[in-house]
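Undergrad: First to last, the sequence lines map onto chains A and B.
Position 15, counted from 1, in the first sequence is what UniProt numbering calls 15; the numbers after and before it change by one each time, with no gaps.
Position 313, counted from 1, in the second sequence is what UniProt numbering calls 313; the numbers after and before it change by one each time, with no gaps.
Here a beta-carbon is modelled for each residue, glycine too, at the ideal position from N, C-alpha and C.
Take a look at this one; I'll ask things after.
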Amino acid sequence: MAETKKITFSQATLEAMQEEMERDDTVFVMGEDIARQGGIFGQFKGLPDSFGSDRVRDTPITETAIVGAAVGAALAGMRPIADMHFADFMLVCGDEIYNQMAKVHYMFGGQKTVPMVLRAPDGLINQAAAQHSQSLEAIFQHIPGLKVVAPSNPADAKGLLKSAIRDDNPVIYFEHKALFNTKGDVPVEEYFTPIGKADIVTEGSDLTVVSYSNCLQTVAKPVAEMAEKEGISVELIDLRTISPIDKDAILESVAKTSRLAIIHEAVKQGGVGGEIAAIVAEEGLDYLDAPIMRFGSPFTPVPFARPLEQAYRLKPEAILEGIKRMF
Amino acid sequence: MCAKAILKEPTIPVKDYDRDLLIELYRKMVSIRLFEQKVEHHFLAGDIPGFVHLYIGEEGIGTGVMANLTKEDYIESTHRGHGHTIAKGADLNRMMAEIFGKKTGYCKGKGGSMHIADFSVGMLGANGIVGGGYTLAVGAALASKLREDGRISVVFFGDGASNRGTFHEALNMAAAWKLPVLFVCENNEWASTTPYLTTTSVADIADRAQGYGIPGYMVDGNDVLSVYETSKEVVDYIRSGNGPVLLECKTYRIKGHFVGDPEKYRTKEEVQEVFDNNNPINRFEEKVLEAGVLSREDLDAVYVEVETAIEEAVRYALESPEPDPSELFDDLYV
Chain A
1 MAETKKITFS
11 QATLEAMQEE
21 MERDDTVFVM
31 GEDIARQGGI
41 FGQFKGLPDS
51 FGSDRVRDTP
61 ITETAIVGAA
71 VGAALAGMRP
81 IADMHFADFM
91 LVCGDEIYNQ
101 MAKVHYMFGG
111 QKTVPMVLRA
121 PDGLINQAAA
131 QHSQSLEAIF
141 QHIPGLKVVA
151 PSNPADAKGL
161 LKSAIRDDNP
171 VIYFEHKALF
181 NTKGDVPVEE
191 YFTPIGKADI
201 VTEGSDLTVV
211 SYSNCLQTVA
221 KPVAEMAEKE
231 GISVELIDLR
241 TISPIDKDAI
251 LESVAKTSRL
261 AIIHEAVKQG
271 GVGGEIAAIV
281 AEEGLDYLDA
291 PIMRFGSPFT
301 PVPFARPLEQ
311 AYRLKPEAIL
321 EGIKRMF
Chain B
1 MCAKAILKEP
11 TIPVKDYDRD
21 LLIELYRKMV
31 SIRLFEQKVE
41 HHFLAGDIPG
51 FVHLYIGEEG
61 IGTGVMANLT
71 KEDYIESTHR
81 GHGHTIAKGA
91 DLNRMMAEIF
101 GKKTGYCKGK
111 GGSMHIADFS
121 VGMLGANGIV
131 GGGYTLAVGA
141 ALASKLREDG
151 RISVVFFGDG
161 ASNRGTFHEA
171 LNMAAAWKLP
181 VLFVCENNEW
191 ASTTPYLTTT
201 SVADIADRAQ
211 GYGIPGYMVD
221 GNDVLSVYET
231 SKEVVDYIRS
241 GNGPVLLECK
251 TYRIKGHFVG
261 DPEKYRTKEE
271 VQEVFDNNNP
281 INRFEEKVLE
291 AGVLSREDLD
301 AVYVEVETAI
311 EEAVRYALES
321 PEPDPSELFD
331 DLYV
């Protein structure tokens with residue numbers, strides 16, 4: 001077994017940045033409050049000490065220009081990383097993401113790639129309410145040309161970020177805010193987590209559960225453990241990449257278990273779960289012994305007050321009850 | 001230098017211009033004009049699909065600005081981008097083929113008129129989104145600043161586009177970081193089908209430079225020599241590390257917003273008057289003939305040469321194969 005060390009998710013992303021910026025001087029990062037403040041979640045702390053304030057660049061509060069400038073810099077041969085502060089703010093720069101960043105490579109006939117990464121802290125944390133808590137991955141899964149990843153642990157956080165920085169395609173890197181301070185084992189040797197490959201977290205025979213990001217840790221894992229106690233053997237899949245989605249891993253697993261549940265923090269309606277369910281319905285219906293179940297947040301904006309946010313959060317117990325009905 | 005917009009009149013007498021430069025300016029303007037006349041003809045004949053937006057009557061701007069750029073400098077263009085692309089030195093055959101949706105086009109038939117790019121000459125792309133190019137040009141300029149490669153970035157846009165939020169974000173970012181960007185407003189008086197003064201808070205877009213602490217210049221965009229002279233001055237200023245400049249070139253949109261636009265918002269007479277009396281190619285011809293630096297024969301020789309090249313471009317496009325349906329997924333990802 002390779003040597004590992006225990007570090008936080010935040011430190012893991014910092015190590016990825018450090019390693020890639022040392023290796024390649026076309027890599028630079030820009031965003032709001034990242035140089036002097038070290039990022040709003042501390043994920044860039046110390047980075048300017050190594051690379052200076054040109055390559056670790058505080059921007060005006062101007063998400064549209066941040067993303068557009070990253071696209072332009074990529075077209076001019078750099079490998080920019082743009083930080084979105086909060087994933088919600090990506091909606092400020094829809095044109096730059098949907099029409100520019102995602103389209104350039106295809107609509108210009110492959111003349112130029114857009115090797116950039118958009119770091120987007122997402123998800124529920126500390127009653128941050130409707131405009132600082134969203135999980136928006138489904139929106140970007142719908143746009144051809146983008147790659148979208150969402151690590152659930154420090155090792156994948158580092159491995160996926162390194163892969164994203166080296167990828168010649170534009171990559172949106174969702175990092176759940178509640179994960180930043182979580183710790184995990186990270187290999188000491190250099191490694192990469194492949195984009196487009198899901199991870200089988202635990203093998204099982206009765207039910208496939210697909211999840212990703214923080215929800216995998218805080219909801220799907222407890223659900224799987226409770227299910228095991230009820231005699232249901234769960235194969236837990238960490239999707240890791242939202243687009244392009246690892247269809248093979250999902251279909252192979254469902255072929256083995258005959259049942260599928262998808263759990264994500266984003267609202268259920270129009271979510272990634274719907275896409276996964278549709279893939280299995282189209283290409284793996286014969287494998288199924290029970291209807292597919294999707295579990296996501298209620299179809300409301302994220303509320304502020306504690307009891308409301310609590311009501312909004314996914315409950316492992318309720319999900320377990322749903323799963324039991326599949327048998 | 002960053003007070004009110006500076007109106008620039010031509011100062012160098014025509015007779016003092018380098019003859020080769022004059023011929024080159026003329027060649028570029030005529031190339032754009034004849035290229036677009038062919039595009040218009042073949043669009044109306046049904047040979048060209050999609051939308052095309054013509055630059056006819058505005059040739060002096062792209063030509064005058066680009067004559068001060070190197071091949072390595074970057075430009076970001078608009079949906080009315082054929083002129084910029086030709087002026088930056090793109091290949092006419094591959095441009096025409098792209099507009100016809102052919103496999104041999106710059107984008108293998110995936111882009112069309114609104115999405116031509118030629119990265120080999122620093123042309124980073126036309127943009128179907130009005131105001132879509134500003135922030136990209138800022139990013140390209142940031143890359144130049146980080147690499148200290150001495151290149152500048154130029155972004156072209158219309159009067160209508162100067163009301164997009166991206167204009168303001170880009171000017172602020174470029175000015176705050178002193179990036180080598182030239183913002184060129186082609187004020188053709190029409191924001192799609194709306195007269196710009198009915199929806200724009202200032203008569204002169206160049207005045208908006210004041211809000212960002214950068215120089216704002218205004219020139220007669222239909223006088224290619226004025227555009228050339230002024231853009232030379234501002235390009236030198238930008239290349240010396242002084243940060244961005246906003247240059248407004250006053251012109252007029254001779255053609256509709258797109259080919260096929262019924263143009264109910266203005267009279268044919270109004271357009272004809274500008275075309276007859278304030279047309280950059282005619283004005284240039286009169287000037288050089290009057291100054292005696294070029295003869296009618298010189299001009300005609302260039303014209304015939306360009307005509308042949310454009311006819312060849314059309315032939316190339318017509319004879320080129322369409323993309324194969326199997327190419328649909330090519331270039332989705334690297």
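#1: Are Cys107 of chain B and Ile99 of chain B closer than 8 Å when you measure CB to CB?
#2: I want to verify the contact list: residues of chain B whose CB lies under 7 Å from the CB of Met107 of chain A, in sequence order.
#3: Quick one: give me the first and last residue of the beta strand (DSSP E) that Glu235 of chain A is part of.
#4: Under 7 Å Cβ to Cβ from Pro10 of chain B, same chain only, skipping five residues before and after it: list those, please.
#5: Which complete alpha helix (DSSP H) runs does the segment 223–283 of chain B hold, if anything under 4 residues is left out?
#6: Just to confirm the assignment, what range does the beta strand (DSSP E) spanning Ile32 of chain B have?
#7: Got a sec: which bits of the segment 65–92 of chain A sit with their beta carbon under 7 Å from any beta carbon on chain B, in order along the chain?
#8: Using a Cβ cut-off of 7 Å, pull out every chain A residue sitting near Glu169 of chain B, in sequence order please.
#9: Can you list the residues of chain B that Asn99 of chain A reaches, using a CB-CB cut of under 9 Å?
#10: To the nearest angstrom, report how far apart Pro195 of chain B and Ser163 of chain A are at their CA atoms.
#11: By the criterion of Cβ-Cβ separation under 9 Å, what are the contact partners of Asp248 of chain A in chain B?
#12: With 8 Å set as the bound, which would you pick, yes or no: does the beta-carbon of Phe192 of chain A sit closer than that to a beta-carbon of chain B?
#13: Using only alpha-carbon positions, find the residue among A:Asp248, A:Ala249 and A:Ser211 that is nearest to Gly271 of chain A.
#14: Taking beta-carbon pairs under 7 Å, can you tell me which members of the segment 20–40 of chain A lie near chain B?
#15: Please list, in chain order, all residues of the same chain as Tyr26 of chain B whose beta carbon is under 7 Å from its beta carbon, the five residues on each side excluded.
#16: Helix, strand or coil for Asp185 of chain A, going by three-state DSSP, please let me know.
#17: At a CB-CB cut-off below 9 Å, which residues of chain B make contact with Asp58 of chain A?
#18: Please confirm if Thr241 of chain A has its CB atom under 8 Å from at least one CB of chain B.
#19: Does DSSP put Pro48 of chain A in a helix, a strand or coil?
#20: Count the other CB atoms within 10 Å of the CB of Tyr74 of chain B; is the residue buried (16 or more) or exposed (fewer)?
#21: Nearest to Glu22 of chain A by alpha carbon, out of A:Phe44, A:Asp33, A:Phe51 and A:Ile40?
#22: Let's test the definition: count the other Cβ atoms within 10 Å of the Cβ of Arg240 of chain A and tell me whether it reaches 16, buried, or not, exposed.
#23: Quick one: list the residues of chain B neighbouring Asn169 of chain A, beta-carbon separation under 8 Å, in chain order.
#24: Going by beta carbon distance, what residues of the same chain come within less than 6 Å of Phe9 of chain A, once the five residues before and after it are set aside?
#25: Who are the Cβ neighbours of Glu263 of chain B in its own chain at under 6 Å, not counting the five residues just before and after it?
#26: Nearest to Phe327 of chain A by CA position, among A:Pro291, A:Glu317 and A:Ala76, is which residue?
#27: Can you pull the chain B neighbours of Pro307 of chain A, defined as C-beta to C-beta under 8 Å?
#28: Considering Cα atoms alone, identify which of B:Ile12, B:Gly50, B:Val138 and B:Ile61 is closest to Thr64 of chain A.
#29: Along the segment 296–329 of chain B, what residues have a CB closer than 7 Å to any CB found in chain A?
#30: Residues in the same chain with beta-carbon distance under 8 Å from Met29 of chain B, minus the five sequence neighbours each way, listed in chain order, please.
#31: Is there a C-beta anywhere in chain A that falls below 8 Å from the one on Thr135 of chain B?
#32: Alpha carbon to alpha carbon, how far is Met1 of chain B from Leu146 of chain A?
#33: Answer yes or no: do Phe183 of chain B and Leu124 of chain B have a C-beta to C-beta separation smaller than 8 Å?
#34: Residues in its own chain within less than 8 Å of Ile23 of chain B by CB, not counting five upstream and five downstream?
#35: For Glu311 of chain B, is the classification buried or exposed, using 16 other Cβ atoms within 10 angstroms of its Cβ as the cut-off for buried?
#36: In the DSSP assignment, what residue or residues form a beta bridge with Leu7 of chain B?
TA: Looking at the atomic coordinates:
#1: Contact: no.
#2: Near Met107 of chain A (Cβ distances below 7 Å), the residues of chain B are Cys107, Lys110, Gly111 and His115.
#3: First-last of the beta strand (DSSP E) with Glu235 of chain A: Val234 to Asp238.
#4: Exclusion of the five residues before and after Pro10 of chain B leaves Asp223, Leu225, Ser226 and Glu229 as the residues of its chain whose Cβ lies within less than 7 Å of its Cβ.
#5: 224–237 and 268–277, all fully within the segment 223–283 of chain B.
#6: Looking at the DSSP string, Ile32 of chain B is not in any beta strand (DSSP E); the run it does join, the alpha helix (DSSP H), is Arg19 to Leu44.
#7: Taking 7 Å as the Cβ-Cβ cut-off against chain B, the residues of the segment 65–92 of chain A that qualify are Ala65, Gly68, Ala69, Ala70, Val71, Gly72, Ala73, Leu75, Ala76, Gly77 and Met78.
#8: Within 7 Å Cβ-Cβ: Thr62, Thr64 and Ala65.
#9: Within 9 Å of the CB of Asn99 of chain A, the CB atoms of chain B belong to Asn127, Gly128, Ile129 and Gly132, in sequence order along the chain.
#10: Taking the straight line joining both Cα atoms gives about 49 Å.
#11: By Cβ distance, chain B contributes nothing, its closest Cβ being about 17 Å from Asp248 of chain A, past 9 Å.
#12: Judged by the 8 Å Cβ criterion, Phe192 of chain A is not in contact with chain B.
#13: The residue with the shortest Cα to Cα distance from Gly271 of chain A is A:Ser211.
#14: Flagged, chain order: Phe28.
#15: Only Phe284, Leu299 and Val302 meet the Cβ criterion.
#16: Taken through DSSP and simplified to helix, strand or coil, Asp185 of chain A comes out as strand.
#17: Near Asp58 of chain A there are no residues of chain B at all, since even the closest Cβ is about 10 Å away, more than 9 Å.
#18: It does not: the Cβ of Thr241 of chain A has no partner Cβ on chain B nearer than 8 Å.
#19: Helix at Pro48 of chain A.
#20: With 16 or more Cβ atoms within 10 Å of its Cβ, Tyr74 of chain B is classed as buried.
#21: Put simply, of A:Phe44, A:Asp33, A:Phe51 and A:Ile40 the residue whose alpha carbon is nearest the alpha carbon of Glu22 of chain A is A:Phe51.
#22: Looking at its Cβ environment, which holds 16 or more other Cβ atoms inside 10 Å, Arg240 of chain A is buried.
#23: By Cβ distance, chain B contributes Tyr333 and Val334.
#24: Taken in chain order, the residues that qualify are Pro154, Ala157, Leu179, Phe180 and Thr182.
#25: Same-chain partners within the cutoff: Gly256.
#26: Comparing Cα positions, the closest option is A:Pro291.
#27: Simply none; closest approach about 38 Å.
#28: Per the Cα distances, B:Val138.
#29: For the segment 296–329 of chain B, the set of positions with a beta-carbon nearer than 7 Å to some beta-carbon of chain A is empty.
#30: Within the same chain, and ignoring the five residues on either side of Met29 of chain B in sequence, the residues whose Cβ sits closer than 8 Å to its Cβ are Glu59, Gly60, Thr63, Val224, Pro280, Ile281 and Phe284.
#31: Thr135 of chain B counts as touching chain A.
#32: At Met1 of chain B, the pLDDT of 49 sits below 50, so the modelled position is not reliable; the number obtained from the coordinates is stated separately. When rounded, the distance between both Cα atoms is 43 Å.
#33: Judged by beta-carbon spacing, Leu124 of chain B lies beyond the 8 Å limit of Phe183 of chain B, meaning their Cβ atoms are not closer than that value.
#34: Non-local beta-carbon contacts of Ile23 of chain B in its own chain, meaning distances under 8 Å to residues more than five positions away in sequence, involve Leu294, Asp298 and Val302 in chain order.
#35: By the neighbour-count definition (other C-beta atoms within 10 Å, threshold 16), Glu311 of chain B is an exposed residue.
#36: Its beta-bridge partners are B:Met218.
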